[in-house]
Structures are given as C-alpha cells and as structure tokens.
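The structure appears right after this line, and notes come after that.
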Amino acid sequence: MADIQNLIKTINNKFTNNDYTVSKIYKDEPILKTAAQMANFTPPKYREMRKLVKSSPGFYASDTAQIFYEQGKFMEDYTDDYQYNGEFRSYYPTYQSMTDQQLRGYFSWRTRVRDGIIDKTSLSFVFVYIYELLMQIGVSSAEEGFYKIKNFWQIYKDIDPKINHYIKLWLKDYVIYNGLEKHLLDDFSDMNLDHTILTLINCYSHSADEIFSALNSLSSYNLENSRFYKLYSDDVKHVVYNVFAELTEYYNKKRKNSICEKFFGKIMTNQYVMFNSAVFYNHEIHKDCVYEINDVCKYICKNGKWTYERFFFFKDKNKHIGELLKTIDFIMRQEYDFKSTLKVDMVKKVYQDIIQKVIGELLEEKKKKSVPKIEIDISKLQNIRKTALETQNKLIVEDSEEITISDVPEAAAQVAAAVQEDAANLSNIEYEFMKCLLYGKDYSDLVKSNGLMLSVLIDSINEKLFDLFCDTVLIFDGDEPELIEDYEDELKAIIL
Numbered sequence: 001m002a003d004i005q006n007l008i009k010t011i012n013n014k015f016t017n018n019d020y021t022v023s024k025i026y027k028d029e030p031i032l033k034t035a036a037q038m039a040n041f042t043p044p045k046y047r048e049m050r051k052l053v054k055s056s057p058g059f060y061a062s063d064t065a066q067i068f069y070e071q072g073k074f075m076e077d078y079t080d081d082y083q084y085n086g087e088f089r090s091y092y093p094t095y096q097s098m099t100d101q102q103l104r105g106y107f108s109w110r111t112r113v114r115d116g117i118i119d120k121t122s123l124s125f126v127f128v129y130i131y132e133l134l135m136q137i138g139v140s141s142a143e144e145g146f147y148k149i150k151n152f153w154q155i156y157k158d159i160d161p162k163i164n165h166y167i168k169l170w171l172k173d174y175v176i177y178n179g180l181e182k183h184l185l186d187d188f189s190d191m192n193l194d195h196t197i198l199t200l201i202n203c204y205s206h207s208a209d210e211i212f213s214a215l216n217s218l219s220s221y222n223l224e225n226s227r228f229y230k231l232y233s234d235d236v237k238h239v240v241y242n243v244f245a246e247l248t249e250y251y252n253k254k255r256k257n258s259i260c261e262k263f264f265g266k267i268m269t270n271q272y273v274m275f276n277s278a279v280f281y282n283h284e285i286h287k288d289c290v291y292e293i294n295d296v297c298k299y300i301c302k303n304g305k306w307t308y309e310r311f312f313f314f315k316d317k318n319k320h321i322g323e324l325l326k327t328i329d330f331i332m333r334q335e336y337d338f339k340s341t342l343k344v345d346m347v348k349k350v351y352q353d354i355i356q357k358v359i360g361e362l363l364e365e366k367k368k369k370s371v372p373k374i375e376i377d378i379s380k381l382q383n384i385r386k387t388a389l390e391t392q393n394k395l396i397v398e399d400s401e402e403i404t405i406s407d408v409p410e411a412a413a414q415v416a417a418a419v420q421e422d423a424a425n426l427s428n429i430e431y432e433f434m435k436c437l438l439y440g441k442d443y444s445d446l447v448k449s450n451g452l453m454l455s456v457l458i459d460s461i462n463e464k465l466f467d468l469f470c471d472t473v474l475i476f477d478g479d480e481p482e483l484i485e486d487y488e489d490e491l492k493a494i495i496l
C-alpha cells in the first residue's frame with residue numbers, strides 16, 4: 001500500500017512541477033485515486049439530487065411521494081455503470097431511503113433495463129422502477145408507460161412472482177387514471193367478473209351455453225362435476241337457462257330486487273385510492289371525470305378524490321347460485337329416475353315450482369319429437385286412401401295413463417324436518433306472533449303486553465329464519481308486517 005501511495009505522490013509532483021503551473025496560471029489537474037477510493041466514489045449528480053430536499057423548505061417528512069417525484073424527474077435521463085452486489089430492502093422504497101452505493105446500484109440496474117437487459121435484483125429496486133413509470137418518469141406518453149410496465153412485468157414475474165398482485169392492480173389503475181382505451185383492461189380478473197354478471201343481467205340476449213357457463217363459474221356448487229350432468233349435459237343446460245330466465249322475470253315482477261341483486265347485492269359506491277400501496281405523487285389535481293368500464297362498473301373523480309361504483313365481490317364462490325344449481329340437479333335426478341340421488345338441505349318453493357315447470361315442458365317437447373313423422377307419397381294417388389287408413393290404424397292406441405310430474409317427496413320431508421328443527425329457535429313470543437300473522441289473528445295485545453317494538457321483533461324473526469329460507473320471510477315498511485307469499489305453506493307446516 002505504501003508503494004502505491006509513493007507512486008501517486010511522484011506522479012502528482014511531476015504534474016505540479018511542469019507547465020501546468022507556468023506563470024502562476026492554475027489548470028485542471030488529474031486527481032489520482034486508489035481502487036479502494038474509487039469504489040467509494042460518488043458522482044456529483046447524486047449529491048445534487050439529495051440537495052433538492054434541503055433546497056426545498058416546503059418539503060416535510062410526509063411529502064415522501066413529492067420528494068421522490070422531484071428527484072425522479074431530476075434523475076430521469078441519468079445512467080450509471082457500477083457493480084453493486086448488495087441488497088436493498090425497504091417497505092416504501094425511495095431514493096432517500098438508499099445509501100450512495102445503493103443509489104449507484106439502482107441506477108446502474110435501471111440503465112441495463114432500459115437497454116433491454118432485465119436481470120434479478122432487490123425487489124425494492126424493482127418497485128422504485130415501477131413507481132417511476134406510474135408517474136411517467138422516463139416515458140414520453142401514458143401509453144408508452146403502460147406498455148413499459150406491462151412488458152417489464154411479463155418478463156420479471158418469472159424471476160420473482162411477488163410482483164404479480166401489485167402490478168395487476170396498478171396497471172388497472174394506470175389505465176383508468178390516464179383515461180386509456182378500455183380494451184387494455186381485458187386481461188384483469190375482476191373485469192371478467194363484471195362481464196360474467198353482465199351476461200346474467202342480459203340473459204335474454206345470450207345462449208344457454210353462455211348462461212350456464214356464467215352461473216357455473218360463480219357457483220359454490222360445480223354442476224359440471226355432477227354425474228347426472230355428464231350424461232344429460234344438453235338437458236341440464238336447457239333447464240338452467242330457462243329456469244334462470246323464469247326467475248329473472250319472476251323477481252322483476254314480484255320482488256323489489258332483481259335476481260342478480262339477490263345473488264350479488266346492489267351496486268355500491270365506495271371511496272377508492274389510486275395506486276394503493278405504491279409511492280405515487282399526483283403533481284397536478286386530476287380533472288373531474290367518469291371512467292365507465294361497463295354497465296356495472298365505473299370510476300368517478302371529483303375534486304381530485306376517487307370513488308367507484310360496482311357490485312361487491314366476495315373471494316369465495318357464490319352460495320346463492322350454488323343453491324340454485326344444486327336444486328336443479330336434485331330435482332332433475334328425481335324427474336329422470338336417475339339411479340344416484342342427491343341430498344339437499346332445503347328446496348325453496350319458488351325454485352321447485354319453476355324448475356318442475358321447465359322440466360315438464362322439456363320432457364313434453366322431447367316426447368313430441370320422438371313420435372315418428374309420417375310422410376305420404378302423393379305421386380301414388382290411388383294408394384292415398386289405403387295408406388291413410390293403414391296409418392290411422394297404426395296410430396290408434398289405447399288410452400294410456402296420464403303421466404304426471406311427481407312431487408318431490410324427499411325434498412318435502414327434508415324441508416319439514418329442517419323447518420321443525422329451526423322453529424325451536426323462535427322464542428314463545430315470536431312463535432305466537434307468527435301464528436297471528438299466518439292465521440289472521442290480532443297481534444297488537446301480544447306486542448304491547450310484552451313491551452316490544454314491532455320492528456325489533458320482526459328483525460329477530462327474519463334473522464333466525466334466514467339460514468333456513470335463505471331469504472327474508474317478513475316485510476315491514478313501518479305500517480303492517482307482511483308475509484312473503486312463497487313461504488306461507490312451509491311456515492304453516494310448523495307453526496300450528
């Protein structure tokens with residue numbers, strides 16, 4: 001080490017004694033450094049970047065995103081070539097949270113990425129690069145930014161799949177925030193859910209296959225795995241389609257909510273945070289706008305604040321659709337005398353009536369189609385009468401016993417058992433109140449003598465019977481309570 005320092009001193013003296021100092025005119029001199037000193041060397045650009053924070057007295061600790069944006073724009077075109085073998089880990093990574101060596105490591109990695117060389121690095125470096133693109137640092141347009149993020153993601157997700165969840169969310173937000181074309185959203189799963197629900201809402205303009213696929217994809221009961229479905233798939237699809245169409249009409253005419261609102265709830269309006277979990281600075285207030293993705297999903301910006309309107313989705317499959325498809329499977333097995341039966345907890349009367357009606361129409365149609373078509377050769381006029389008489393004789397058969405669609409005894413037994421068991425959950429007062437409603441008796445003395453509020457009593461009864469009927473059995477609008485007609489027979493079977 002002493003030899004190296006002596007060599008540097010000799011060279012420096014040589015420069016000092018030559019024409020660099022002639023006539024006391026000082027010129028730039030090379031500063032020689034050892035390899036160790038060069039490893040710790042920090043280019044001036046980084047110091048200038050850090051000074052942006054000190055030179056902006058308006059910045060506070062809470063302005064992390066703004067500081068990041070200002071520094072990012074300052075370093076937008078900067079390149080470096082530095083071998084960094086360390087790690088950088090930060091929950092919300094920014095330039096300020098990096099050491100000088102980490103900064104050089106990041107910008108050297110970013111230089112290689114921009115040259116088309118994408119190699120593995122610290123995940124925090126990756127997020128800093130994505131943050132830059134979200135704020136359009138290093139791109140000339142929003143469209144360019146979208147494709148840079150997407151193309152990088154397509155490559156880097158195979159290196160580290162941890163980025164998948166975040167970039168899917170941020171890419172969707174990026175399209176909406178920048179008002180890009182809607183087709184760029186086609187690859188995102190929650191958009192597929194919207195499309196599926198739209199198919200069900202507009203069921204009359206879709207085929208049986210499309211409605212079946214839409215329902216089964218959301219259902220907690222996978223009908224495609226049914227043994228009955230595998231033998232009678234066309235019949236099942238026909239029944240599912242027509243049952244859903246009938247239910248759609250029924251709920252539109254006789255219920256306050258549509259069948260889709262029963263399955264998914266109402267469209268809700270919620271606050272929305274763009275680029276959630278990312279370091280993002282909105283350097284100018286976003287103009288008011290409405291970004292309508294489809295008829296059941298839209299994003300709204302007003303005064304820089306975002307909201308969205310859509311159905312609320314659960315991660316789990318839909319149990320209401322599962323109940324409907326399982327009931328269809330259950331009743332079709334009975335009507336077709338299928339050797340393997342199915343157990344269900346309960347069959348709703350409205351489901352049973354509509355399903356049996358659709359199955360009956362299907363079987364009748366199949367029966368008509370099975371009758372052989374009789375054709376007469378009119379070219380042989382002399383044989384028409386003879387052929388007609390023969391045909392008539394062939395078609396004359398004894399009256400057969402009328403085929404009727406049987407009730408569903410097993411289902412009825414299960415309903416009765418389940419209801420009898422659940423009735424025990426009602427208190428004595430609730431039981432007596434239901435008797436009054438079912439059999440036209442006055443309930444006012446019962447309510448007053450027990451000091452009860454009518455609305456509280458009805459809510460308690462609905463809550464206790466909801467698991468059994470999967471629906472509200474009493475409607476109360478502040479005037480008189482009203483029984484749902486569909487459940488009156490089942491209730492009378494247990495409340496005597």
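In full-length UniProt numbering, the protein residues as written are 1 to 496.
In this text, a Cβ means the ideal position worked out from N, Cα and C, and glycines have one as well.
Length of the line joining the Cα atoms of residue i and residue j
| i | j | result |
| --- | --- | --- |
| Asn151 | Ile130 | 12 angstroms |
| Leu342 | Asn270 | 41 angstroms |
| Ala278 | Leu133 | 11 angstroms |
| Leu200 | Lys266 | 15 angstroms |
| Phe212 | Cys260 | 15 angstroms |
| Leu52 | Glu70 | 8 angstroms |
| Tyr291 | Asp158 | 32 angstroms |
| Asp442 | Lys435 | 10 angstroms |
| Phe312 | Tyr147 | 30 angstroms |
| Ala416 | Asn178 | Its pLDDT being 49, under 50, Ala416 is placed unreliably in this model, and the coordinates cannot settle the point. |
| Glu210 | Leu198 | 11 angstroms |
| Val126 | Gln101 | 16 angstroms |
| Ile285 | Leu362 | 60 angstroms |
| Asp345 | Leu468 | 9 angstroms |
| Lys54 | Ile321 | 60 angstroms |
| Asp316 | Leu218 | 9 angstroms |
| Tyr272 | Lys287 | 16 angstroms |
| Ile458 | Thr472 | 10 angstroms |
| Thr65 | Phe264 | Here the sequence assigns Ala to residue 65, which means Thr is not the residue at that position. Straight-line Cα distance between these residues: approximately 37 angstroms. |
| Asn276 | Glu309 | 17 angstroms |
| Glu365 | Glu246 | 18 angstroms |
| Lys464 | Tyr251 | 23 angstroms |
| Ile149 | Asn225 | 39 angstroms |
| Arg110 | Gln96 | 17 angstroms |
Which of helix, strand or coil DSSP assigns to residue i
| i | result |
| --- | --- |
| Leu52 | helix |
| Thr64 | helix |
| Leu483 | strand |
| Lys298 | strand |
| Tyr291 | strand |
| Ile405 | Reliability fails at Ile405, whose pLDDT of 43 lies under 50, so the model's placement of it is uncertain and the value that follows must be treated cautiously. Of the three classes helix, strand and coil, the one that applies to Ile405 here is coil, per DSSP. |
| Leu426 | coil |
| Ile331 | helix |
| Leu454 | helix |
| Leu474 | strand |
| Asn318 | strand |
| Asn276 | coil |
Residue j beta carbon less than 7 angstroms from that of residue i
| i | j | result |
| --- | --- | --- |
| Thr196 | Ala214 | yes |
| Tyr220 | Lys319 | Inspection of the sequence shows that residue 220 is occupied by Ser rather than by Tyr. Yes, they are a contact pair. |
| Arg104 | Tyr82 | yes |
| Leu438 | Ile495 | yes |
| Glu335 | Ile359 | yes |
| Pro93 | Ser124 | yes |
| Phe107 | Asp63 | no |
| Ile118 | Ile163 | no |
| Glu76 | Ile167 | no |
| Met49 | Phe88 | no |
| Cys301 | Thr248 | no |
Host alpha helix (DSSP H) of residue i (start-end)
| i | result |
| --- | --- |
| Arg104 | 100 to 114 |
| Ser124 | 123 to 134 |
| Ser220 | No alpha helix (DSSP H) holds Ser220; DSSP gives it neither H nor E. |
| Leu231 | 227 to 231 |
| Asn282 | Where Asn282 is concerned, there is no enclosing alpha helix (DSSP H), given that its DSSP letter is neither H nor E. |
| Tyr174 | 164 to 177 |
| Asn151 | 142 to 156 |
| Gly86 | Taken as a continuous stretch (DSSP letters only), Gly86 belongs to no alpha helix (DSSP H), as it is neither H nor E. |
| Phe263 | 259 to 264 |
Enclosing beta strand (DSSP E) for residue i [first to last residue]
| i | result |
| --- | --- |
| Thr307 | 305 to 310 |
| Thr269 | 268 to 272 |
Residue i beta carbon near the ligand SAM (any heavy atom closer than 6 angstroms)
| i | result |
| --- | --- |
| Asp477 | The ligand SAM is not part of this structure, which contains no ligands at all. |
Exercise for the section: Count the C-beta pairs between the segment 349 to 359 and the segment 322 to 332 that are closer than 8 angstroms, then say yes if the count reaches three, no if not. Expected result: yes
Handout entry: Segment contact flag, the segment 272 to 292 with the segment 167 to 178, C-beta cutoff 8 angstroms, min 3 pairs
Key = yes
Practice task
Check whether the segment 240 to 248 touches the segment 286 to 300, taking contact to mean three or more Cβ pairs, one atom from each stretch, closer than 8 angstroms.
Solution key: no
Exercise for the section: Count the C-beta pairs between the segment 217 to 236 and the segment 446 to 465 that are closer than 8 angstroms, then say yes if the count reaches three, no if not. Expected result: no
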